[in-house]
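Numbering (UniProt numbering), first residue to last: 1 to 523. A short worksheet on the structure shown next.
And the structure:
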């Protein structure tokens, strides 16, 4: 063969080989994060805020924080990490307000997505052919308090709430979203029409009960394991304007829970029903006077709460301005059927917004005293009705007999209002109680309300639930091992695992939940 022809042929082969090599290197060595073509941007320096959360116990700094300006930014980032494969340790966590308790919104040396960057997109109450529809479209990083204000412009409101409204939509829908309206409307995850989700493969998928239903139900209550909620369509109803806000006390636990349950199933009842356990509080009713009016001031002034364990029933009746007299009549009738301590009836009349945003007032006060950003070792439990008396006797009568470090919530919800196709795990019985120990580890010279003391109490409570076989499930669950997670999900573990394998097969998402590890196969 002519030497010149041979050289030309060799050169062609060489060029082809170089092209193949370049393509191969490009495929297996993705662009650095900072070079991804995004509308938003990564931050590699200002990352400390993403290494903390409301629980204020874990501080795990990420490699970078993404501030997305579009859903496409989120999808490109996740797809980039997915293409890096199992050989990369990079993970991704969505962070709304960082209200998680155990570092669930953190991604150690991974990417934290600041979902609040999407809040610039408008909240859209849907209008079709000039008619306002009973739902609102919102981005996953939007706060419930902002949704409330926008919907009220149309005379509408979401049906189901959490007690604290300065939380993101994606955050609460990834858990459940429970408050005193849940007995009637179910949790927030029972009031969603549609979702837009970015899966662990970087795919943007629209889903609902009829379209991509498996993903829809997986994501609701799914602890962020199957996708990041970037948009949601939330159910609405006509909004009230005013609220009669009521508190009464019980000294007998059996009467307290029986009447709570009666109210949740009655046809004529209140719009909000919650309860509190009050342990060894001094001057309780005097504290109420700052916000509530005693219906019998003389008897109220003679009541003593010192050294007692009491149970507060908190109720609310919604109404419009021209319905005040009717609301008063209905409240009087409903209260006449209850057996509370008569001298402890306190009532306030407030706006609907002020009632729903009541916890924010406490937040402002605590922030002013430097007592908001302290450790919050909260423990939230879902307890079957059949176990609630045994639980109360041991926990309120023994473990927490002397003191409590924050509010203790207790109120019943009905299983019929929860969709068992979602990922959230609840007790099997028709009625179960949410019991929340909302402790704050405030600095103390005695250590009686310190973090270690509260954690020890929490452990005693959990140990009792397990040894007593009470059938309790954690809400906002946290476990250290996958074996414990398997026990939490029980017979539903295989479904949960299959969903993870389908939508996030490399275990990229929500590493802070500690359910799956990216470096290990899903098992």
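No residue lacks a Cβ here, since even glycine has one placed at the ideal position from N, Cα and C. Remember, predicted model here, so these are calculated numbers, not experimental data.
Are three or more beta carbon pairs between the stretch 74-86 and the stretch 98-107 nearer than 8 Å?
-> Result no; under three Cβ-Cβ pairs closer than 8 Å.
Indicate the three-state DSSP secondary structure (helix, strand or coil) for residue 314 in the structure shown.
-> Assigned with DSSP and collapsed to three states, residue 314 falls in strand.
List in chain order: all unbroken alpha helix (DSSP H) runs of 4+ residues lying wholly within the stretch 359-394.
-> Listed in chain order, they are 388-394.
Between residue 524 and the rest of its own chain, which residues show a CB-CB distance below 8 Å, the 5 nearest in sequence each way excluded?
-> A query on residue 524 cannot be resolved here, the shown segment of the chain reaching from 1 to 523 and no further.
Report the partner residues of residue 121 according to the DSSP bridge assignment.
-> Bridge partners of residue 121: none, in fact.
Kindly confirm or deny that the stretch 238-256 and the stretch 318-329 touch, where touching means at least three C-beta pairs closer than 8 Å.
-> A contact exists between the stretch 238-256 and the stretch 318-329.
Three-state secondary structure (DSSP) of residue 145 = DSSP places residue 145 in helix when its eight states are reduced to three.
Could you tell me whether the stretch 243-260 touches the stretch 339-356, using the rule of 3 or more Cβ pairs below 8 Å?
-> In short, these stretches touch, since the Cβ pair count reaches three.
From 225, 124, 330 and 476, residue whose alpha carbon lies closest to that of residue 157 | It is 124 whose Cα lies nearest to the Cα of residue 157.
Write down every uninterrupted run of the alpha helix (DSSP H) in the stretch 464-504 whose length is 4 residues or greater and which is fully enclosed by it, in chain order.
-> Counting only runs of 4 or more, we get 482-489 and 493-503.
Taking contact to mean at least 3 C-beta pairs separated by less than 8 Å, is the stretch 186-205 in contact with the stretch 416-428?
-> Judged by Cβ distances under 8 Å, the stretch 186-205 makes contact with the stretch 416-428, as three or more pairs qualify.
Closest to residue 114 by CA distance: which of 101, 171 and 163 is it?
-> Comparing alpha-carbon positions, the option among 101, 171 and 163 lying closest to residue 114 turns out to be 171.
Which residues share a DSSP beta bridge with residue 207?
-> For residue 207, DSSP records a beta bridge to 195.
Where do the ends of the beta strand (DSSP E) carrying residue 418 lie?
-> Secondary structure note for residue 418: it is in no beta strand (DSSP E), with a DSSP letter that is neither H nor E.
Distance, Cα to Cα, residue 464 vs residue 310?
-> Those two C-alpha atoms are separated by around 22 Å.
Near residue 97, which residues of its chain fall below 6 Å by C-beta distance, leaving aside the five closest residues on each side in sequence?
-> So the list reads 167 and 168, once near-sequence residues are dropped.
Does the Cβ of residue 524 have 16 or more other Cβ atoms within 10 Å, making it buried, or fewer, making it exposed?
-> Missing from the structure shown is residue 524; the chain here goes from 1 to 523 and no further.
Near residue 439, which residues of its chain fall below 6 Å by C-beta distance, leaving aside the five closest residues on each side in sequence?
-> Cβ-Cβ distances below 6 Å link residue 439 to 377, 405, 406 and 454 in the same chain, with the five nearest sequence neighbours on each side left out; the list follows chain order.
Write down the C-beta distance between residue 427 and residue 264 rounded to the nearest angstrom, noting that I regard them as a contact closer than 8 Å.
-> Rounded to the nearest angstrom, the Cβ distance from residue 427 to residue 264 is 16 Å, too far for a contact under 8 Å.
Does the beta-carbon distance from residue 165 to residue 144 come in below 8 Å?
-> Cβ atoms of residue 165 and residue 144: closer than 8 Å.
Distance, Cα to Cα, residue 27 vs residue 80?
-> Summary for residue 27: the model assigns pLDDT 43, below 50, so the residue's position carries little reliability; its value from the coordinates is reported in the next sentence. Distance between the alpha carbons of residue 27 and residue 80 is about 11 Å.
Report the option in 302, 326, 271 and 274 whose CA atom is closest to the CA atom of residue 282.
-> Comparing Cα-Cα distances from residue 282 to each of 302, 326, 271 and 274, the minimum goes to 302.
Is DSSP giving residue 288 helix, strand or coil here?
-> DSSP places residue 288 in helix when its eight states are reduced to three.
In chain order, what residues of the same chain have a beta carbon less than 7 Å from the beta carbon of residue 350, not counting five sequence neighbours either side?
-> So the list reads 243 and 245, once near-sequence residues are dropped.
Spatial distance of residue 63 from residue 230 (CA atoms) = Residue 230 has its alpha-carbon roughly 22 Å from the corresponding atom of residue 63.
What residue does the beta strand (DSSP E) around residue 67 start on, and which one ends it?
-> In the DSSP assignment, residue 67 falls within the beta strand (DSSP E) that extends over 64-67.
Report, in whole angstroms, the separation of the C-beta atoms of residue 335 and residue 387, which I expect to be a contact under 8 Å.
-> Taking 8 Å as the upper bound for CB-CB distance, residue 335 and residue 387 are not in contact here, some 29 Å apart.
Same chain, Cβ closer than 8 Å to residue 25, five either side skipped, listed in chain order | Unreliable positioning characterises residue 25 in this predicted model, as indicated by a pLDDT of 40, which lies under 50. The coordinate reading is nonetheless provided below. Contacts found: none.
Taking residue 529 as part of the beta strand (DSSP E), name the residues at either end of that continuous run.
-> Past the boundaries of the shown model lies residue 529; the chain is included only from 1 to 523, so the question cannot be answered.
If we call anything under 8 Å between Cβ atoms a contact, is residue 139 one with residue 121?
-> Cβ atoms of residue 139 and residue 121: closer than 8 Å.
The stretch 291-300 in contact with the stretch 220-230 per 3-pair CB rule at 8 Å = Here the stretch 291-300 makes no contact with the stretch 220-230; the two share fewer than three CB pairs at distances below 8 Å.
DSSP-derived helix/strand/coil call for residue 508 | Here residue 508 sits in coil by DSSP.
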